[in-house]
Every structure is written in C-alpha cells, then in structure tokens.
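Student: So in our numbering, spot 69 of the sequence shown is number 63, and the numbers just go up one at a time. Mind looking over this structure? Questions follow.
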Amino acid sequence: ELSHKKLFEISRDLLEDKGISFRFNDDVLYIHKDSQGTTNNFVYGYGNQLKDVPNTNNDIIQLAPFNAGVQVSLAGTIKQLTRIDVRQLFEQKALLIKGKRRDIIKALE
C-alpha cells in the first residue's frame, strides 16, 4: 500500500524534475515554476539532526553546528567518506555541507 507521504514525495520529485519548486513557509506549501525553469536551485537547511535536513530532490546547503571541540580533520574525513563538499567554519563552530539529501544525511550520521 502506498502511503500519503510516499505518494507526495514521488509526486514532488517528478514535478521538481520538470522545473516546479516546492517550499514551506509558515505552515503553507507553495508550489511554483522555477524562475528559470531549472531545478538547480539550492535548498537551505540548518541543524545537525537528520530531521533538520530538507526533504527535497534539489541540492542542499546545510549549515550544521557542532557541539564538540574543533577537529581540524573533520571536514576532510567527511569528504573522503561521502565525496561531497564539506567546509569547516571554525568561527561559527559549524560545518557547511553541500550535496544531495542522502549524502548530507550520511555526513551527519
């Protein structure tokens, strides 16, 4: 049986592939054609929990603060394991992660 959530995700993915964007703001779902008709817009996420990663097919830029001490090799290690763009922001005590949702989740795990 296909759940409502899974049906929505499949429909959203198909529409995003056709240049239609989805965004949530103040508990309202906005559906609109991308300004240039492309799907290479980034979706932004904030947080270091899996629930904080936006549920989208588009590329994501995730700002993930970390609570532990600064480890110089952390970004390099994540890059090697996931092969996505990771930058360490020392002053903000955060990681800036760019990639697809599945890769960002892998990096946060």
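Yeah, the Cβ is synthetic: ideal placement off N, Cα and C, and Gly gets one too. Predicted, not measured: the structure shown is a model, and the values here were computed from it.
Suppose the cutoff is 7 Å on Cβ atoms and the five residues either side in sequence are ignored; what does the same chain contact list for T33 look like?
Tutor: With a pLDDT of 48 at T33, under the threshold of 50, the predicted position of this residue should be treated as unreliable, though the coordinate-derived value follows. Hits under 7 Å: E10, D11, G13, N52.
Student: Please report the distance separating the alpha-carbon of F36 from that of E(-5).
Tutor: So the alpha carbons of these two residues sit roughly 32 Å apart.
Student: Whole angstroms is fine: what's the gap from T76's alpha carbon to S67's?
Tutor: Distance between the alpha carbons of T76 and S67 is about 14 Å.
Student: Who are F36's beta bridge partners in DSSP?
Tutor: Per DSSP, none; premise fails for F36.
Student: So, at 7 Å on beta carbons, what are the nonlocal neighbours of A58 in its own chain, with the 5 sequence-adjacent residues on each side left out?
Tutor: Answer for A58: G41, N42, A88, L89, I91, L102, listed in chain order.
Student: Whose C-beta lies closer than 7 Å to the C-beta of Q56 among residues of the same chain, with five residues either side of it excluded?
Tutor: Excluding residues within five positions, the ones whose Cβ falls inside 7 Å are G39, V47, I91, I98.
Student: So, for F60: in the same chain, excluding its five sequence neighbours on each side, which residues have a beta-carbon less than 7 Å away from its beta-carbon?
Tutor: Around F60: N42, K87, A88, L89.
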